[in-house]
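Please read the structure below before turning to the comments.
There are 2 protein chains.
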Amino acid sequence: MVQATDLPRNEEGIATVLGLLKQRFGEKLMTGESIREQHGHTTTWIKNQMPDAVVMPQNTGEVAEIVKTCAEHKVPVIGFGTGTSLEGHINAPAGGISVDLSEMNEILAVNAEDLDCVVQPGVTREQLNTYLRDQGLFFPIDPGANASLGGMTATRASGTNAVRYGTMKDNVLSLEVVTPQGEVIRTASRAKKSSAGYDLTRLMVGSEGTLGLMTEITLKLQGIPEAMSSARVSFDNMDAACKAVMATIQYGIPVARIELLDALTVKAVNDYSKLTLPESSLLLLEFHGSENSVTEQAELFGSIAEEFGGTGFEWTTSTEERNKLWQARHDAYWATLALRPGAKGISTDVCVPISRLAECVTAAQERLDELGFIAPIVGHVGDGNFHTLPLIDMDNADEVAKADEFVGWLNDLAISLGGTCTGEHGIGQGKKPYLVKELGGAVNMMAAIKRAIDPDNIMNPGKIVP
Amino acid sequence: MVQATDLPRNEEGIATVLGLLKQRFGEKLMTGESIREQHGHTTTWIKNQMPDAVVMPQNTGEVAEIVKTCAEHKVPVIGFGTGTSLEGHINAPAGGISVDLSEMNEILAVNAEDLDCVVQPGVTREQLNTYLRDQGLFFPIDPGANASLGGMTATRASGTNAVRYGTMKDNVLSLEVVTPQGEVIRTASRAKKSSAGYDLTRLMVGSEGTLGLMTEITLKLQGIPEAMSSARVSFDNMDAACKAVMATIQYGIPVARIELLDALTVKAVNDYSKLTLPESSLLLLEFHGSENSVTEQAELFGSIAEEFGGTGFEWTTSTEERNKLWQARHDAYWATLALRPGAKGISTDVCVPISRLAECVTAAQERLDELGFIAPIVGHVGDGNFHTLPLIDMDNADEVAKADEFVGWLNDLAISLGGTCTGEHGIGQGKKPYLVKELGGAVNMMAAIKRAIDPDNIMNPGKIVP
Numbered sequence: 058m059v060q061a062t063d064l065p066r067n068e069e070g071i072a073t074v075l076g077l078l079k080q081r082f083g084e085k086l087m088t089g090e091s092i093r094e095q096h097g098h099t100t101t102w103i104k105n106q107m108p109d110a111v112v113m114p115q116n117t118g119e120v121a122e123i124v125k126t127c128a129e130h131k132v133p134v135i136g137f138g139t140g141t142s143l144e145g146h147i148n149a150p151a152g153g154i155s156v157d158l159s160e161m162n163e164i165l166a167v168n169a170e171d172l173d174c175v176v177q178p179g180v181t182r183e184q185l186n187t188y189l190r191d192q193g194l195f196f197p198i199d200p201g202a203n204a205s206l207g208g209m210t211a212t213r214a215s216g217t218n219a220v221r222y223g224t225m226k227d228n229v230l231s232l233e234v235v236t237p238q239g240e241v242i243r244t245a246s247r248a249k250k251s252s253a254g255y256d257l258t259r260l261m262v263g264s265e266g267t268l269g270l271m272t273e274i275t276l277k278l279q280g281i282p283e284a285m286s287s288a289r290v291s292f293d294n295m296d297a298a299c300k301a302v303m304a305t306i307q308y309g310i311p312v313a314r315i316e317l318l319d320a321l322t323v324k325a326v327n328d329y330s331k332l333t334l335p336e337s338s339l340l341l342l343e344f345h346g347s348e349n350s351v352t353e354q355a356e357l358f359g360s361i362a363e364e365f366g367g368t369g370f371e372w373t374t375s376t377e378e379r380n381k382l383w384q385a386r387h388d389a390y391w392a393t394l395a396l397r398p399g400a401k402g403i404s405t406d407v408c409v410p411i412s413r414l415a416e417c418v419t420a421a422q423e424r425l426d427e428l429g430f431i432a433p434i435v436g437h438v439g440d441g442n443f444h445t446l447p448l449i450d451m452d453n454a455d456e457v458a459k460a461d462e463f464v465g466w467l468n469d470l471a472i473s474l475g476g477t478c479t480g481e482h483g484i485g486q487g488k489k490p491y492l493v494k495e496l497g498g499a500v501n502m503m504a505a506i507k508r509a510i511d512p513d514n515i516m517n518p519g520k521i522v523p
Numbered sequence: 058m059v060q061a062t063d064l065p066r067n068e069e070g071i072a073t074v075l076g077l078l079k080q081r082f083g084e085k086l087m088t089g090e091s092i093r094e095q096h097g098h099t100t101t102w103i104k105n106q107m108p109d110a111v112v113m114p115q116n117t118g119e120v121a122e123i124v125k126t127c128a129e130h131k132v133p134v135i136g137f138g139t140g141t142s143l144e145g146h147i148n149a150p151a152g153g154i155s156v157d158l159s160e161m162n163e164i165l166a167v168n169a170e171d172l173d174c175v176v177q178p179g180v181t182r183e184q185l186n187t188y189l190r191d192q193g194l195f196f197p198i199d200p201g202a203n204a205s206l207g208g209m210t211a212t213r214a215s216g217t218n219a220v221r222y223g224t225m226k227d228n229v230l231s232l233e234v235v236t237p238q239g240e241v242i243r244t245a246s247r248a249k250k251s252s253a254g255y256d257l258t259r260l261m262v263g264s265e266g267t268l269g270l271m272t273e274i275t276l277k278l279q280g281i282p283e284a285m286s287s288a289r290v291s292f293d294n295m296d297a298a299c300k301a302v303m304a305t306i307q308y309g310i311p312v313a314r315i316e317l318l319d320a321l322t323v324k325a326v327n328d329y330s331k332l333t334l335p336e337s338s339l340l341l342l343e344f345h346g347s348e349n350s351v352t353e354q355a356e357l358f359g360s361i362a363e364e365f366g367g368t369g370f371e372w373t374t375s376t377e378e379r380n381k382l383w384q385a386r387h388d389a390y391w392a393t394l395a396l397r398p399g400a401k402g403i404s405t406d407v408c409v410p411i412s413r414l415a416e417c418v419t420a421a422q423e424r425l426d427e428l429g430f431i432a433p434i435v436g437h438v439g440d441g442n443f444h445t446l447p448l449i450d451m452d453n454a455d456e457v458a459k460a461d462e463f464v465g466w467l468n469d470l471a472i473s474l475g476g477t478c479t480g481e482h483g484i485g486q487g488k489k490p491y492l493v494k495e496l497g498g499a500v501n502m503m504a505a506i507k508r509a510i511d512p513d514n515i516m517n518p519g520k521i522v523p
């Protein structure tokens, strides 16, 4: 278990706030151990640090009340969505109050003419997309988990189709935020673009609850494409697959998704789902557009793949066939966990300039082999982003230490190649040392901003900044 | 002439800094009145406030030295690119040093495989695009003027093809910044996406030189499209034209440009360039993609335009014909100025959700008519952004006052429709009151950030924040 540092607790303030919030929120304030544990960090391997209580506000006014109460007594406030973040974002190293926003889950407006909507932070992306379907609209960002849109905004999430639609930073138009003082502000208008002052929207996106709590999110929407096509192609090795990706992006094909699975992942999926895919590097693609355009894109990609030695190229526009082609990707997470039953999958995340992707992925694979890890690699490679998932016996201290060392090594490598220590998971507790390695003196500016906006350091303390 | 408030001058500090910089930079420090006047605000109608000197650094180290010297003596530092900004961004209300970055105009790297490049801030967009052409690449943001990329970054510029390629916020990957303390930081890696801490890149983009000076800019590039098509269509009135735009965007046609010209602008262009266009609302479009796709897009748009009563629809893929179709747009600025020789064109800028565009443009047109102004309207309407250009006799105080009142009225209207007081020109001095109207308490957070990063308020004082 990787240790997360405990921070000094303000016992007196916490006791006072617990009393005040109990009085105000009754059963919506929960202090049972099991719910508190669920609201500490539960994913992957950072140790759980429970909050002192969990409160479930119903509206912005209640959030503001909670934050004001905590601010008055200098008690930590930790925003909580669905708890799917991966770097200890929701741990409470100094205790405090977990503000669970899952009951603030209303879709407040859909402005179909403007291709935008306004949601509360507890709305999940699947809930939103189910709601939008009848109107021919969708919200494209898909980080895998059915995360809350508040959490996705807070961690600057992205996922499989960021290569076409961008990340949360590109898809949030405006935010309502409760500041660390309990004031309610709006960061921007609903206009599609603006030069009106500092970009507080983008400052809040990815701030991981350290600068305020988002209570309303205005999101850009997309029309459901007229047509989609999917494609699949295998390569002898990662290098060839990555080079085909690079050429595809350079050529300007507007791929909606381009996912890389390594041979181990393909093997896992073959076993898990009784498939017969060639057990080598696999690319899966999706194209969005008009009927003509998705045909053209798939065929063009096919000819690029061939140039780089791709084999077994298949593509289709039929929904049923598309699902079959992509089954390997949908099953990848569970299939790879089944490679070593009982082990914990340590998902780590880097992103490099696409010209360095082949080098970075190949080196990672070699290093994992040297360490003797069973560790699948899956990537949103159109952006140069990939994950490794070493499967670790958490009772074996040596293995845990080696995995920890590997994560450090991989982050250093990505940074040395001009990349980032996290493409989409965020900093939380787990990546704080790498943030400093990556950005050096810029982290001082982040810390200055944090102190200016949250001088008492009550908003999610111990995350991102030193 | 609209007054910009003078701020208290630190005479002693300024005298000291002038001495130190003269010693260090010799002829690269200039104090002549005419060059100082050129480096104060020279566009539109805000009064010129000259700096005390203009200095032309050659590299990041020199910029850092200048800023450190100014910081030590608490003397204002005003970044200067090409001087084309429109809201008094480069005025020196408290005097100080204009740091003219136009000699830092090297293209430092083009990473064709990664579709990015690294430039110094004095590189202009035309210089960059000329340089890139042979490599089949281009940088899409086009604000009209041949602005410097530093200035475009500082004002979060956009322009005609933001509807497809976004604004500067979407096209800057990373920045090297000299902080108000004279430290050099880098805001991000060169990875296409990242969740590594606060988004300092986006905080700097649009900060108008108030948080630091950018000394290197890493920009996303695009492949020059395989094909382009252009189209032109007229409408009886603004309402129909705006509704056709809305439908086009909603339909998901990936238009590269969609520009609206009002009847007055078309009349001006007919006179100026001897054209015979119907003198009513005109839409001009451009589509980028494969040969098939630009044909498909143009034809699809044609059928949408017809539904909304569009007449005289023409489209073409030939370069020569495309230039002819778009001539009205290229000539619009000079043609409209010729409507009232000797008058000053007061360019103002708002942006509203596209569903409110017809209402906002129509109301603006009516109001301008009531006021008896000759005032063309041109819009980057795919984003809901438009400009009016009242032609004002600056010697007529009554007219100037009425124009000032009109600008206020239009900003209030845009804000009341859920829009912003500036889609692309920025706040500078001219829009400070409207920023507060638009974002209220959020401006306090901006001010807190400004104080944290620049506690002595030396970076471009008197701009954006109170």
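Protein sequence lines, in the order shown, are assigned to chains A and B. Heads up: the first sequence runs through residues 58 to 523, numbered per this note's numbering. Heads up: the second sequence runs through residues 58 to 523, numbered per this note's numbering. Using N, Cα and C, we set each Cβ at its ideal position, and we do this for glycine too. A quick note: this is a predicted structure, and the numbers were derived from the prediction, not measured.
When DSSP states are grouped into helix, strand and coil, G208 of chain A belongs to the helix group.
For M516 of chain B, no alpha helix (DSSP H) run applies, since DSSP gives it neither H nor E. When secondary structure is reduced to three states using DSSP, C408 of chain B falls in the strand class.
In this structure, DSSP gives N105 of chain A a state outside helix and strand, which the three-state scheme calls coil. When CB distances to chain A are screened at a threshold of 8 Å, the residues of the segment 237-257 of chain B falling below it are E240, V241, I242, R243, T244, A245, S246, R247, A248, K249, K250, S251, S252, A253, G254, Y255, D256 and L257, in chain order.
In the DSSP annotation of this structure, F365 of chain B is not part of any beta strand (DSSP E), being labelled neither H nor E. In summary, N218 of chain A is buried, with 16 or more beta-carbon neighbours lying within 10 Å of its beta-carbon over all protein chains present.
When the beta-carbon positions are compared, L165 of chain A and V175 of chain A come within less than 8 Å of each other. The C-alpha of L396 of chain B is placed about 49 Å away from the C-alpha of R81 of chain B.
The beta-carbon separation of M451 of chain A and L268 of chain A, rounded to 33 Å, does not stay under the 8 Å limit for a contact.
Taking 8 Å as the cut-off, the Cβ atoms of G483 of chain A and S252 of chain B count as close. For Q307 of chain A, the C-beta contacts it makes with chain B under 7 Å involve E170, L172 and G280, in order along the chain.
Taking the Cα positions, E462 of chain B is about 11 Å away from L425 of chain B. Interface criterion not met: the Cβ of N380 of chain B is under 8 Å from no Cβ in chain A.
Taking 8 Å as the cut-off, the beta carbon of G476 of chain B is found no closer than this to the beta carbon of G439 of chain B. Proximity of E371 of chain B to chain A, defined by a Cβ-Cβ separation below 8 Å, is not satisfied. Note on geometry: alpha-carbon atoms of S375 of chain B and S287 of chain B lie some 9 Å from one another. Within chain B, the residues whose beta carbon sits less than 7 Å from that of T479 of chain A are S251, S252 and A253, listed in sequence order.
DSSP lists no beta-bridge partner residue for D328 of chain B. Think of a sphere of 8 Å around the beta carbon of A505 of chain B: the chain A residues whose beta carbon falls inside it are A509 and I510, in chain order.
Among the CB atoms of chain B, one or more fall inside 8 Å of the CB of R259 of chain A. Here H387 of chain A is exposed, its C-beta having fewer than 16 other C-beta atoms within 10 Å.
Flagged as an interface residue toward chain B: V409 of chain A, by a C-beta distance shorter than 8 Å.
For D157 of chain B, the secondary structure class from DSSP, reduced to helix, strand or coil, is strand. DSSP places R243 of chain A in the uninterrupted beta strand (DSSP E) bounded by V241 to R243. In the structure shown, the three-state DSSP call for Q486 of chain B is coil.
Look at the segment 490-505 of chain A: the residues with a C-beta under 9 Å from a C-beta of chain B are Y491, L492, E495, L496, G497, G498, A499, V500, N501, M502, M503 and A505. Using a CB distance below 7 Å, the part of the segment 432-459 of chain A facing chain B consists of D440, G441 and N442, ordered along the chain.
Annotation: G140 of chain A has no Cβ neighbours in chain B at a cutoff of 8 Å; minimum Cβ distance is about 17 Å.
Looking at the DSSP output, T275 of chain B sits in a beta bridge with B:V175 and B:S231.
Residues L334, E336 and L339 of the same chain have their beta carbon placed closer than 6 Å to that of V323 of chain B, with the five preceding and five following residues left out of the count. Here DSSP, grouped into helix, strand and coil, assigns A219 of chain A to helix.
Around the Cβ of W391 of chain A, a 10 Å sphere holds fewer than 16 other Cβ atoms; the residue is exposed.
If you draw a straight line from the Cα of N294 of chain B to the Cα of G399 of chain B, it is about 29 Å long.
Pairing N228 of chain B with S412 of chain A gives a Cβ-Cβ distance that is not under 8 Å.
Here K300 of chain A is buried: its Cβ has 16 or more other Cβ atoms, across all protein chains shown, within 10 Å.
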